[in-house]
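Residue numbering for the sequence shown follows our numbering, starting at -5 and increasing by one per position. The beta-carbon is built from N, C-alpha and C at its ideal position, and this holds for glycine as well.
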Amino acid sequence: MTRFEYLVVFMENDRVLTANGHWQGLVPKGEEGDAESCPCLFEYLSEAGAQGWDLVAIDPEETGTAQLYFKRAR
């Protein structure tokens, strides 16, 4: 039986802010320019795909925000 691991990503305005609850920005959260220091969605998707992650669902929330759900075989 195939086992999977999962990744939950929160994005806002085409920036990936968190992945499994971990801040993705280069600038600490809460400091000036924090969101702008996070990876853009296209770059993040390309890197995740290269690491074997498959995007399986998107849950849009407010305008400009969404949760993205990925899985890959262990």
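Using the Cβ count rule (16 or more neighbours within 10 Å means buried), how would you classify Phe64?
Position 70 of the sequence shown, counted from the first residue, corresponds to residue 64. Counting other Cβ atoms within 10 Å of its Cβ, Phe64 reaches 16 or more and is therefore classed as buried.
Would you kindly work out how many angstroms separate the C-alpha atoms of Ala44 and Ala67, rounded to a whole number?
Indexing the sequence shown from 1 puts residue 44 at position 50. Indexing the sequence shown from 1 puts residue 67 at position 73. Taking the straight line joining both Cα atoms gives about 14 Å.
How is Leu20 classed by DSSP in three states: helix, strand or coil?
Your numbering for residue 20 matches position 26 in the sequence shown. In this structure, Leu20 counts as coil in the three-state DSSP scheme.
Secondary structure at Glu55, three-state DSSP: helix, strand or coil?
The count along the sequence shown starts at 1 and reaches residue 55 at position 61. The answer is coil: DSSP assigns Glu55 none of H, G, I, E or B.
Note the first and the last residue of the continuous alpha helix (DSSP H) segment covering Glu37.
In the sequence shown, residue 37 corresponds to position 43, counting from 1. Element bounds for Glu37: Leu35 to Ala44.
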